[in-house]
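Heads up: the structure comes next, in structure tokens.
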Amino acid sequence: MKGVVSAGHTLTAKAGIQMLKDGGNAFDAAVAACFASFVCESPLTSIGGGGFLMAHGSDGKTLLYDFFPNVPGLGKDVSKESLDFYPVDIDFGGTIQEFHIGKGAVAVPGCMAGLAEVFKRHCTLPLEALLAPAIDYAGNGVALNREQAYFKEILSPILTLSEAGRKVYSPYGVLLKEGERIVKGDMARTLQYLACEGLNAFYTGEISQKILDCFGDGGLITRKDLESYRVEVRKPLEVTYRGKKIYSNPPPSSSGGCLLAFSLKLIEGYDLAAMGQNSAEALELIYHVMRLTDEARGEDFDHKVYDADIIDTFLAEERIESYGKRIGPGLSSPSDYERPSTGNTTHISVVDEKGNAASVTTSNGEGCGHMIPGAGVMLNNMLGEEDINPHGFHTQPAGTRMSSMMAPTIVMDGNAPAVVLGSGGSNRIKNAIFQVILNMIDHNMSVHDAVNSARTHWDKKVFQLEAGISAAEIDKINKVGIPVNRWENKAMYFGGVHTVVTGEDGHLLTGAGDLRRGGVCLSV
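The numbering used here numbers the first residue of the sequence shown as 2 and each following residue consecutively.
What follows is the structure in structure tokens.
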């Protein structure tokens, strides 16, 4: 076996598998799969977005590549009132959600810089080969599957805001439906240009000038923003859970990795295996852990995320013990709530036969509504995402690396990767990964069952419970005062944890794509 790829779309995974067949490594596969996802999984991700890649090499070294967007506006002095920045309502099926879009919502894109750095340091195949599947998909078109048709339908007010967007998503005057082919000719030409000129040409060549021409008026991006953008290579956050070393995304790159570690430390003192997976006892405990992690975020994390010692102070034993004592009494009362948005993010996990592993999460937010003229690429709306702007919109200084909830993660078995995983899902990311880790380590579940078993999420008002949890167990936790909302189906709301696992001897076994988001796992 040469390798395994788990991703959110069959064609995304196939692009990675093709690189492994052609003699490439896990990083070749991850980069090719990322580019394929920009075509097949828009608007979950985009060339105009950002993300993170956790790289574990066969040499035993593990690094986190942070290419999330920067706050723009270097050398520019504009008032907030002059920005093209406004709310838009999106109907998620009975619940209306408000997002902020427009040219003033665009942060400095990082995907091309990040994948360029990974390509330079780790890849073995030519860049033209890595982009070839994506160029083919964009130029010849891809039939919309059920999940992608759904994503595009609910986000159609953003996707079809501009004439360029309508050309792609509603070329015949109505939105493309499941089974219809979506063709992205302009994007295919952009990918061909990048394959020829190099990925960093996005920031210095003709594409960059188009960005400035289009987004300079009403937006914040400047030439200095584009030319000064740099990938941050960081030491991963490391936490031990039940004897397993776990690497995740560290601050300031991410709040997700640190909050995941906090949850694992809180729950480690309990015997989950004895409780049983999704029993009332386990559900009540997980509810408290999620609730306390959110409280700790607001009380001790968000305002300190850029502190140099944040990991040591936030995960200090005395802090964990202090919050642990709060498990139990003090349940929240039921209240009115809105079912939150799905969160537009996707994830890819890859492991190859030599022990190289890549865990990569990318996002475009919901998209700003505007494409780079002639490029077929919609830029992000990260400045309009509430969860990554906890202190308010347009409050951070220009040049600041924004902090995300994304948490590409690797669970180690000794010096070898045992589980490679990550998730989309906005502020549900940490809880989705958290529960898959519990399912695999505490409940010894197969990777397929661990990924696709019913999940929960505390949204600060209601304990969201996915279909598949016993009604009798739900009634028990409801009786002790935990406010619950029962879902009638498995939903993309609860994340998309695309996962790869290896055997005890390091040989590849299998993986699982999260069925909530049309995920697949392929091997070669």
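Virtual Cβ for every residue (Gly too), placed ideally from N, Cα, C.
The beta-carbon distance between V6 and A56, rounded to whole angstroms, is 15 Å. This is too long to meet the 8 Å contact definition. In the displayed model, D90 falls within a strand according to three-state DSSP. Restricted to the segment 159–235, the alpha helix (DSSP H) segments that are unbroken, complete and at least 4 residues in length are 164–170, 186–198, 202–205, 207–216, 224–229, listed in chain order. Within the same chain, I102, I159, L162 come within 6 Å of G370 by CB-CB distance, once the 5 residues on both sides are set aside. Within its own chain, the residues whose Cβ lies closer than 6 Å to the Cβ of P374, once the five positions on either side in sequence are excluded, are K211, C215, listed in chain order. Beyond the five residues adjoining it in sequence on each side, D295 comes within less than 7 Å, by CB distance, of W459, K461 in the same chain, given in chain order. In the DSSP assignment, P484 is bridged to no other residue. DSSP places I411 inside the beta strand (DSSP E), whose first and last residues are 410–414. Exposure of H392 is indicated by the presence of fewer than 16 other C-beta atoms within 10 angstroms of its C-beta.
Scanning its chain for C-beta atoms nearer than 6 Å, with the 5 sequence neighbours on each side dropped, one finds around W488 the residues E467, A468, in chain order. Straight-line spacing of the CA atoms in L176 and E154 works out to 7 Å. Going by C-alpha positions, L284 is about 8 Å away from I478. Bounds of any beta strand (DSSP E) do not take in L265; it lies within the alpha helix (DSSP H) bounded by 257–268. Look at Y151 here: in three-state DSSP terms it is helix.
About 5 Å separates the Cβ atoms of A274 and D443, confirming a contact at the 8 Å cut-off. For the pair D476 and V290, the Cα-to-Cα distance works out to about 20 Å.
Judged by DSSP secondary structure, I442 falls within the alpha helix (DSSP H) whose first and last residues are 430–442. When the five nearest sequence neighbours on each side are left out, the beta carbons in the same chain lying within less than 7 Å of the beta carbon of K104 are those of D85, F216, G219, G220, C369, H371, in order along the chain. DSSP, reduced to helix, strand and coil, places C522 within a strand of the structure shown. Going by C-alpha positions, M407 is about 30 Å away from G24. At the C-beta level, T346 and G426 come within 8 Å of one another. Close CB contacts of S264 within its chain, under the 6 Å cut and outside five residues either way in sequence, are with V290, T294, F435 (chain order). Rounded to whole angstroms, the Cβ separation of N146 and E179 is 7 Å, and the two are in contact under 8 Å.
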